[in-house]
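In numbering that gives the first Met the number 0, the protein residues as written are 0 to 137.
By construction, the Cβ of each residue, glycine as well, lies at the ideal position given by its N, Cα and C atoms.
In this text the structure is predicted, and so the values were computed from the model without any measurement.
Here's the structure we're looking at; comments come further down.
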Amino acid sequence: MKRLHTHFLSEDELQYFYDNVRMRKQLANASHEHEKSVIDKLAAIIPVRPHEKAYMCVERNPNGHEWHTDTGTMGHMEWCQVGVIVMLSKITQYAGGWIHYDGFTIGLNQNELIYHTSDVRHKVEPHTGDRRVLLFFL
């Protein structure tokens, strides 16, 4: 399952997460109003109950990610049901960073969200520039 949504975050939420590079927080510990708001928005569009270990993080990884599933390459996240990617950067801020699924490639624009079940193989190409994403592992 892969689904795309546009205009997911408000402008204030977008700026909050963009400015919080390297943030990593369990959903159960969300305290900021924007964190709570985004969790509520996810619950409205993704029909799963997040695991107690579910977390969100803001990532800027120029090396990308090799082929993997969101249960972890070594089974360290077997609890994960759904992976979510929200693009925080404008597409003009970076080059590369394409997301590949088996038979499907996508480049996200700012404030677009794509999610997939954790058993779906995918990879992210290396990139240059400032590519920031908000990730959720539910």
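Extent of the continuous beta strand (DSSP E) to which residue i belongs
i	result
Phe-135	132–136
Gln-25	23–25
Leu-3	1–4
His-64	64–67
Ile-90	Per DSSP, Ile-90 belongs to no beta strand (DSSP E) and is neither H nor E.
Met-218	Outside the displayed range of the chain (0 to 137) lies residue 218, so it cannot be described from this structure.
Contact set for residue i: own chain, Cβ-Cβ below 6 Å, skip 5 residues either direction
i	result
Tyr-100	His-121
Val-83	Tyr-114 and Phe-135
Arg-130	Ser-88, Tyr-93 and Gly-96
Thr-5	Glu-111
Chain-order list of residues whose beta-carbon lies under 8 Å from that of residue i (same chain, five-residue window excluded)
i	result
Ala-27	Glu-51 and Ala-53
His-67	Arg-120, His-121 and Lys-122
Thr-127	Pro-61, Tyr-93, Ala-94 and Gly-95
Val-47	Gln-80, Val-81 and Leu-137
C-alpha gap between residue i and residue j, whole angstroms
i	j	result
His-64	Trp-97	10 Å
Asp-11	Ser-117	29 Å
Trp-78	Pro-49	9 Å
Ser-88	Pro-125	15 Å
Arg-23	Met-55	6 Å
Ala-138	Tyr-15	Because residue 138 is not part of the residues shown, which for the chain are 0 to 137, the question remains open.
Leu-133	Ile-44	16 Å
Met-86	Gln-80	20 Å
Leu-143	Phe-7	Because the chain in this structure spans residues 0 to 137, residue 143 falls outside the shown range and cannot be described.
Lys-1	His-75	22 Å
Phe-103	His-33	31 Å
Tyr-17	Ala-29	16 Å
| task | Just list the alpha helix (DSSP H) runs in the region 99–127, keeping only unbroken ones of 4 residues or longer that don't cross its boundaries, in chain order. | result | none
| request: Would you mind listing the alpha helix (DSSP H) stretches within the region 9–62 that are 4+ residues and don't spill past its ends, in chain order? | output: 10–18 and 32–44
| query | Does the region 64–79 come close enough to the region 36–43 that 3 or more CB-CB pairs lie under 8 Å? | reply | no
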